[in-house]
Amino acid sequence: MMTGLLKERERQIVTKGDGTFDIECSKASLAGSVSQRACVFCGSRVVLYPIVDALHLIHGPAGCAAYTWDIRGTVSSGPELHRMSFTTDLREKDIIFGGADKLYRALSELIELHHPKAAFVYATCIVGVIGDDIESVCRRVEGEKKIPVLPVWSEGFRGSKKDGYRAACDALEKLVGTMEPEKPVHPYSINILGDFNLAGELWILEEYYRRIGINIYARITGDGRVDDIRSCHRAALNVVQCSGSMSHLAETMKEKYGIPFKHVSYFGIEDMSAALYDVASFFNDPVLLEKTAALVKEELEKLMPVLEFYRARLTGRKAVIYVGGAFKAISLIKALRLLGIQTVVVGSQTGRKEDYEIMAELCDYGTVIVDDSNPIELATFARERGADLFIGGVKERPIAHKMGMGFCDHNHERKEPLAGYEGMKNFAAEVYAGMMSPVWRFARRRGEK
Amino acid sequence: MIKSACDEDCRATVRLKIPDASDVAALTNPCKLCAPLGACVAFKGVEGCIPLIHGSQGCATYIRRYLISHFREPVDIASSCFVESATVFGGANLFNTGLDNLISQYRPKMVGICTNCLSETIGEDLRRMLQDYRIEHKKEVLPALVAASTPSYTGTHADGFHIAVRSMLAELSLPGLEKVKGRVNLLPGFVSPGDLDHLKEVITAFGLDPMVLPDYSETLDGGFQEEYSKLPEGGTPVERIKRAPEAEATIQFGRALAREEGERLGGGVWLERSCGVNCYRLGMPIGLRESDEFFHTLSMLSGKPVPARYKSERSRLLDSYVDGHKYLFGKRAVVYGDEDMVIGLASFLAEIGVNPVLCASGGISTHFADSVHAVTRNLGNTFDEPVTAINDVDFDRIFARAEKLKPDLIIGSSKGYKLARDLDIPLIRCGFPIHDRIGAQRILHLGYRGTTALFDIITNALMQVKQDRSPLGYKYI
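Chain order of the listed sequences is A and B. Take the first sequence: its letters are residues 1 to 449, numbered as in the numbering used here. Take the second sequence: its letters are residues 1001 to 1477, numbered as in the numbering used here.
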């Protein structure tokens, strides 16, 4: 029997059906709890990272840059500057005398060398303490090099990963509206916010939108381009996935430029179809809706027999979902249900109360809903609820594998697209492979009699 | 003869000026991690130990993720989770809460605490905080608490590793212990769990009783358990570390470690000076010569000859050298990674006729170039081309040099993959990190056995190149 659950975390863990649903969340991680969360810098870095023609310079000691070098499986159709990791590599004497000069030289040299369309300068913990005037260095270089140079206020200690999303949106907001589109903008143009083109997922979505007569103007930020973002205030609609990371930018653009936005998710059949219908109906054109209906029908006709194969073999399994963003957890509950799999534990690093309430609504009684969890909790709940499948990221994988649970990576490092109808098929295949391998005949999988 | 050897020495190694940090404004693709990562790895090699990073939360998470991708094992590392107010007013409260929570959750035998750039810069005094914590909890039985100062802006993960090892010895060693016959300490440096297993086997075969610090052979390469164990089995017991001064000698691997007082001073030298335990400073035992030194040292310490089994391993290694030498002679390699691993590999390559034309590292040891020079000379090779040894460099600079050198193969961590792909040459994955293959924890680099394994991998990679590039597709090579 595993013990060691922390009393101070009790209110961040709720079991559906145990009284009124009142989960505590959006708070700093408890010291010593081994949270699965990263930091503010991480939040900013993951959001801005996929802008492929920008320079991403991390102002701090080399570690922060080394740990995030080419870390996401986010794909570019053109430049690949984002796959390089740049750092001012602050050393002891920079800490004593200040790193602003080094930052200036680093920025100037790197811009000279790589000709980026813009530069983002990430402040790390230490910079917040030694007080380098990043802002004025950025302005100076911007004046000299004639490209936008934007500070990102991502000092690790200034909150959680979610505050890092906000800092990234603040930087993006400064870019938006600084350029006009070269060509007239298609009347049915949308910006995609919050898809990071992991394993080329955005291209799958782009193809769906194209088929129903909608044009994507700016990709923010997967396969993103600086100039598209600068001029994206001329698109008709912002379509926001990953609401946690990108809602702030959508809200600001609505305020500033009157661009409405819609929240969508592209995971699972229900959410994917709803996304297309929602966006199509926004333009008030019956042709778009007809095309959407045709697309959904066509895709489902292809997909359903395949899913039926998996469903027949996976029905009755029990899953733990623990991911970064709550929106994904919500989609995953539905996607798993399509495969006949019940979610018995679900949680996220950065969910809001509203998100957890949706999860509670979707799940069966007895499901554990948890905010900002840690390995001991996840292992305990998984065992208690008899889960035999875990959907998570790199840090969760060894927990699942050690316990004899099937695992599906639904995080930055995935190499198979999991979005859209095609993604649902891949997801089912991944889960199936994770559950059905004959290795579980030797290393006994949980739930196996 | 003597004269020509001297000439050879003079041209064998071009010593480049180690670029001062002030000459380099930016790093592109760093060839190093930060000190807290190394400290956490070292702490993982103690039985029942959980590492705690005093500072902001991201560091623990990034380091966990980085280590999990290499070892493919759970790696729990706690953080005191600094928030803004702690950065302004100090993190003592978070430190205390963090320790309380960690101890109540994990029931560890030891907490290995290290700092990071944030807590160091705001001047957190770990020793004092620990002292206060102990006083406050004097009625309880506390786990061993060891603190290491590892600011991320000083040195690399290799330095963090050695600092943690030294801190453990300095804080845990008991005074006034009598020597115990047959006891030896081994401080192997950052090697693989597979290497650690092998080293323990070898030392034990000499009838010696080793205290290996750190020993993460099981904690970072555990078996299938059907359960998530909070603190994986294995590791050196705290009690054994306390008794390190009982040993008759310490064997410390690492030519790049400092020889005089300073941050990089290895734990072995510390033990020698503070507790009078003789320290034998050896290179990483890769290749015949460095392995011979290791085995001879063990033979001397135990008073026993090299056991038959290892004599036979040595003999087979020689046999392989002879069988494979034609495929290797005159080939040129680029080697990069942690300094001591690079020095060991360079020594090995030089003895099999492969010229390590570029030996590079992100580390900052002042002994790196000298050591590479020392281990690659005097082999009577007829290489005209000098060996370049350069440290304190990033991957961008390593790649730029490598592209000009047009080597036949590269040896190092998985981070050289792009270079190998661009140059269409084999990458032999060694050391740390290996994020794009399975089995990094099992790679054996050390001793006659490890060298034989590396020799086969390297020779086969070059044989495959020959085969693949041949229009005939030879079936015999």
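Note that CB positions come from ideal geometry on N, CA and C, so glycine has one too. Please read these numbers as outputs of a predicted model, since none were measured by experiment.
| field | Thr1028 (chain B) - partner residues in DSSP beta bridges | value | A:Phe86
| task | Please compile the residues from chain B whose C-beta is within a distance smaller than 9 Å of the C-beta of Gln36 (chain A). | result | Thr1061, Arg1064
| query | Should Ala1025 (chain B) be flagged as near chain E, meaning a C-beta pair shorter than 7 Å? | reply | Annotation note: the requested chain E is absent from the structure, which comprises protein chains A and B.
| Mind pulling the chain A residues with CB within less than 9 Å of Thr1121 (chain B)? | Ile95, Cys125, Ile126, Val129, Ile130
| request: Can you tell me the Cβ-Cβ gap for Ile23 (chain A) and Tyr356 (chain A), rounded? I've got them flagged as a contact below 8 Å. | output: 5 Å
| query | Which whole-angstrom value is the C-beta distance of Leu1231 (chain B) and Tyr1106 (chain B), which I expect to be below 8 Å? | reply | 6 Å
| request: Please list the partners that Ser33 (chain A) has in chain B, where partner means a Cβ-to-Cβ separation under 9 Å. | output: Simply Ala1078, Ser1079, Cys1081, Gly1098, Asn1101, Leu1102, Gln1105.
| message | Would Asp22 (chain A) pass as an interface residue toward chain B - the criterion being a Cβ-Cβ separation below 7 Å? | response | no
| So what does Ser189 (chain A) bridge to, in DSSP terms? | A:Asn215
| His1054 (chain B) lies in the beta strand (DSSP E); which residues open and close that run? | 1049 to 1054
| field | Neighbour list for Lys1032 (chain B) in chain A, Cβ cutoff strictly below 8 Å | value | Ala62, Ala66
| said: Can you pull out the residues from the region 100 to 114 of chain A whose beta carbon lies closer than 7 Å to at least one beta carbon of chain B? | reply: Lys102, Arg105, Ala106, Glu109, Leu110
| Amino acids of chain A, ordered along the chain, whose beta-carbon sits closer than 9 Å to that of Glu1227 (chain B) | Met2, Ala379, Arg383, Lys402, Met403, Gly404
| field | Of the listed residues A:Arg105, A:Gly366, A:Pro79, nearest to Ala1025 (chain B) (C-alpha basis) | value | A:Arg105
| Do Ser245 (chain A) and Gly324 (chain A) come within 7 Å of each other at the CB atom, strictly closer than that value? | The answer is no: Cβ separation not under 7 Å.
| query | Val344 (chain A) bridges to which residues according to DSSP? | reply | According to DSSP, which records beta bridges pairwise, Val344 (chain A) is partnered with nothing at all.
| query | Taking Cβ positions, are Leu1208 (chain B) and Gly1182 (chain B) nearer each other than 7 Å? | reply | yes
| said: For Tyr1474 (chain B) and Asp1468 (chain B), what's the separation of their Cα atoms in angstroms? | reply: Cα-Cα distance, rounded: 9 Å.
| query | Got a sec: which bits of the region 1143 to 1174 of chain B sit with their beta carbon under 9 Å from any beta carbon on chain A, in order along the chain? | reply | Cβ contacts with chain A: Pro1151, Ser1152, Tyr1153, Thr1154, Thr1156, His1157.
| query | Rounded C-beta distance between Val141 (chain A) and Ser108 (chain A)? I'm assuming under 8 Å. | reply | 6 Å
| said: Please state whether the Cβ-Cβ distance between Leu332 (chain A) and Ile341 (chain A) is less than 7 Å. | reply: no
| request: Tell me Cys1359 (chain B)'s beta-bridge partners as DSSP assigns them. | output: B:Val1335, B:Ala1389
| said: Can you confirm whether Val1391 (chain B), when its beta carbon is compared against all beta carbons of chain A, has any partner nearer than 7 Å? | reply: It should be noted that the sequence gives Asn, not Val, for residue 1391 (chain B). For Asn1391 (chain B), the answer is no, since every Cβ of chain A falls outside 7 Å of its Cβ.
| said: Would Ile1068 (chain B) pass as an interface residue toward chain A - the criterion being a Cβ-Cβ separation below 7 Å? | reply: yes
| message | Can you check whether the C-beta of Asn1029 (chain B) is within less than 7 Å of a C-beta belonging to chain A? | response | Yes, Asn1029 (chain B) counts as interfacial toward chain A.
| task | Output yes if chain B places a C-beta closer than 7 Å to the C-beta of Trp153 (chain A); else output no. | result | Trp153 (chain A) is outside the set of residues whose beta carbon lies under 7 Å from a beta carbon in chain B.
| request: Tell me whether Pro1426 (chain B) sits in a helix, a strand or coil according to DSSP, three-state version. | output: coil
| query | Hey, how far is the Cα of Glu144 (chain A) from the Cα of Trp203 (chain A)? | reply | 36 Å
| said: Less than 7 Å between the beta carbons of Pro1214 (chain B) and Gly1045 (chain B), yes or no? | reply: yes
| message | Just to confirm before moving on: does the CB-CB distance between Pro1036 (chain B) and Asn1116 (chain B) stay below 7 Å? | response | yes
| request: Report the option in A:Ile220, A:Arg337, A:Gly258, A:Tyr310 whose CA atom is closest to the CA atom of Gly434 (chain A). | output: A:Tyr310
| Below-7 Å beta-carbon distance, Lys146 (chain A) vs any chain B residue | no
| message | In whole angstroms, give me the CA-to-CA distance for Ser26 (chain A) and Ala1247 (chain B). | response | 52 Å
| task | Check the Cβ of Pro1108 (chain B) against every Cβ in chain A and list those closer than 7 Å, keeping chain order. | result | Going along chain A, no residue has its Cβ under 7 Å from Pro1108 (chain B), so there is no contact; the nearest lies around 11 Å.
| Quick one: what's got a C-beta closer than 7 Å to Gly4 (chain A)'s C-beta in the same chain, skipping five residues either side? | Ile376
| message | Using a Cβ-Cβ cutoff of less than 8 Å, which residues in the same chain neighbour Gly17 (chain A) once the five nearest sequence positions on both sides are dropped? | response | Tyr365, Gly366
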